[in-house]
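Engineer:
In this note's numbering, the protein residues as written are 117 to 508.
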């Protein structure tokens, strides 16, 4: 069950191991899983003695319907890899050469969407620690070759152990920043360099015959991107490197650049960087657009009420206040007394109360009337005094 839980990690490791061993059929593996013994079918114990007596009839047409376009893109990401060179190219000599660095362009196909580069391998003959730098520019490198104006961005760098002759050296994941290439045929330049003369690349097409200009031929491609021929860089500018700038040598010294040259290594990319595809669809650039996480909980606002123009003019004039007329308009009333200059003083507090005991509450006379009901009293007539008070 561990393999099922970590299937994608196993696939990734198989691809990298296969690439390092130059066994590129591992790149076609997309998934891996295992089955328990209870899920296996039993082997047949005997060979059938006779052929089946009933010929099965297909329930549907055996010929699938062919459409002009696919029904849709898969919702899972599709990690892909381009491996340049061959087993013969990895044997030093012949069409290979080495120097400090290499600069080249990659482009998406005209009908391709944006892709996200997730890793790169390069070729070095060294088996010791090598210090590498990887820079990129969104455009054609020939427009900014040697520039230190901030147009190049560093997306990789550090020290890693070279794997030597016959194996590509992988840039560790923690030393590589994923970078996108816009769709529709967009270009992105890359400048990979070591600080020693140990980066191996290949002579390009027509090299040594008529010297085809760089960025003329595509030497490797996939259904999504193209890797174009570039230039070898024959010096490492340590002054620029100390200042955090691309270590390009002086472009006016043409001997520092040789072309055409081809990249030797591997390029890993994701052709569906925004997942799932059913939500984002075709994209030409990153970052992934924001999408709503759910339907709105508040109903949309209604239209504003349309108020027509009044049909009747007002019959009353607006009140107006006349300006004051000197000698006619009464002046404001002035206060009768002026405030005193000094504040009034209150009695100062005494040390002890002025009375030793509280005074009696005031006596307020009040009159009340009572109505009494007597029960179990013998019946009799009221006296004259009682009659008088009752009437009163």
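The beta carbon of each residue, even a glycine, is placed where N, CA and C say it ideally should be.
(1) Between residue 256 and the ligand ATP, is the CB less than 7 Å from at least one heavy atom?
(2) Please classify residue 309: does DSSP put it in a helix, a strand, or coil?
(3) Could you name the residues of the same chain whose beta carbon sits closer than 7 Å to that of residue 357, not counting the 5 residues immediately before and after it, in chain order?
(4) Can you tell me whether residue 259 is helix, strand or coil according to DSSP?
(5) Apart from the five residues on each side of it in sequence, which residues of its chain come closer than 6 Å, Cβ to Cβ, to residue 192?
(6) Throw me the rounded Cβ distance for the residue 344 and residue 307 pair, which I believe falls under 8 Å.
(7) Sorted by chain position, which residues of the same chain lie with C-beta nearer than 6 Å to residue 333's C-beta, five sequence neighbours on each side aside?
(8) CB-CB under 8 Å to residue 354, same chain, minus the five flanking residues each way: which ones, in chain order?
(9) Whole beta strand (DSSP E) runs in the region 214-244 with 3 or more residues, listed along the chain?
(10) Jot down the residue ranges of each uninterrupted beta strand (DSSP E) in the region 362-398, minimum 3 residues, whole runs only, in chain order.
(11) Spatial neighbours of residue 250 within its chain, please: C-beta separation below 6 Å, excluding the five flanking residues on both sides.
(12) For the pair the region 240-256 and the region 383-403, tell me if three or more CB-CB distances fall below 8 Å.
(13) What is the DSSP secondary structure of residue 178, reduced to helix, strand or coil?
(14) On the three-state DSSP scale, how would you describe residue 247?
(15) Let me confirm a value: residue 507 is counted as buried when at least 16 other C-beta atoms fall within 10 Å, else exposed. Which label applies?
(16) Which residues does DSSP pair with residue 268 in a beta bridge?
(17) Verify whether the separation of the beta carbon atoms of residue 315 and residue 215 is less than 8 Å.
(18) What residues in its chain sit with their C-beta under 7 Å from that of residue 381, if we drop five residues either side in the sequence?
(19) With a threshold of 8 Å on Cβ separation, who are the neighbours of residue 349 within its own chain once the five nearest residues in sequence on each side are excluded?
(20) Nearest CA to the CA of residue 129: which residue from 256, 247, 286, 213?
(21) Under the rule that 16 or more other beta-carbon atoms within 10 Å means buried, what is residue 248, buried or exposed?
Structural biologist: So, from the listed chains and residues:
(1) Of the ligands one can find in the structure shown there are none, so the ligand ATP has no counterpart to examine.
(2) By one-based count along the chain shown, residue 309 stands at place 193. In the structure shown, the three-state DSSP call for residue 309 is strand.
(3) Locating residue 357 in the chain shown gives position 241, where the first residue counts as 1. Answer for residue 357: 363, listed in chain order.
(4) Taking the chain shown and counting its residues from 1, one reaches residue 259 at position 143. DSSP places residue 259 in helix when its eight states are reduced to three.
(5) Residue numbering aside, residue 192 sits at position 76 when the chain shown is read from its first letter. Low local confidence applies: a pLDDT of 44 at residue 192 is under 50, so the model's placement there is unreliable, with the coordinate-based value given in what follows. If we look at residue 192 and ignore the five residues flanking it on each side, it has no Cβ neighbours.
(6) Translated into positions along the chain shown, residue 344 becomes position 228. Translated into positions along the chain shown, residue 307 becomes position 191. About 14 Å separates the two Cβ atoms, so there is no contact after all.
(7) The residue labelled residue 333 in the question sits at position 217 within the chain shown. Excluding positions up to five away in sequence, the list reads 321, 345.
(8) Residue numbering aside, residue 354 sits at position 238 when the chain shown is read from its first letter. Cβ contact annotation for residue 354 (same chain, cutoff 8 Å, sequence separation greater than five): 311, 363, in chain order.
(9) The qualifying runs are 217-224, 231-238.
(10) The region 362-398 contains these whole beta strand (DSSP E) runs: 373-378, 381-386.
(11) Sequence index remark: in the chain shown, residue 250 carries index 134 (1-based). Once the five neighbours on either side are set aside, the close Cβ partners of residue 250 are 271, 272, 308.
(12) For the pair of segments examined, the region 240-256 was found not to touch the region 383-403: the number of CB pairs separated by less than 8 Å stays below three.
(13) Sequence index remark: in the chain shown, residue 178 carries index 62 (1-based). Only weak support exists for where residue 178 lies, its pLDDT of 49 falling under 50; the coordinates are left without a value.
(14) Here residue 247 refers to the residue found at position 131 when the chain shown is read from its first residue. In the structure shown, residue 247 sits in a strand (DSSP, three-state: E or B).
(15) As a position in the chain shown, residue 507 is number 391, starting the count at 1. With fewer than 16 Cβ atoms within 10 Å of its Cβ, residue 507 is classed as exposed.
(16) Taking the chain shown and counting its residues from 1, the one referred to as residue 268 is at position 152. Its beta-bridge partners do not exist; DSSP assigns none.
(17) Your numbering for residue 315 matches position 199 in the chain shown. Your numbering for residue 215 matches position 99 in the chain shown. Yes, these two residues count as a Cβ contact at 8 Å.
(18) To locate residue 381, count along the chain shown from 1; it is residue 265. Taking C-beta separations shorter than 7 Å and ignoring five residues to either side along the sequence, the partners of residue 381 in its chain run 200, 236, 237, 238, 239, 284, following chain order.
(19) Working through the chain shown from its first residue, we reach residue 349 at position 233. The residues are 215, 216, 217, 218, 219, 307, 309, 364, 365, 372, 373.
(20) The count along the chain shown starts at 1 and reaches residue 129 at position 13. Of 256, 247, 286, 213, the residue nearest in Cα terms is 286.
(21) As a working mapping, residue 248 is identified with position 132 in the chain shown. Residue 248 comes out buried.
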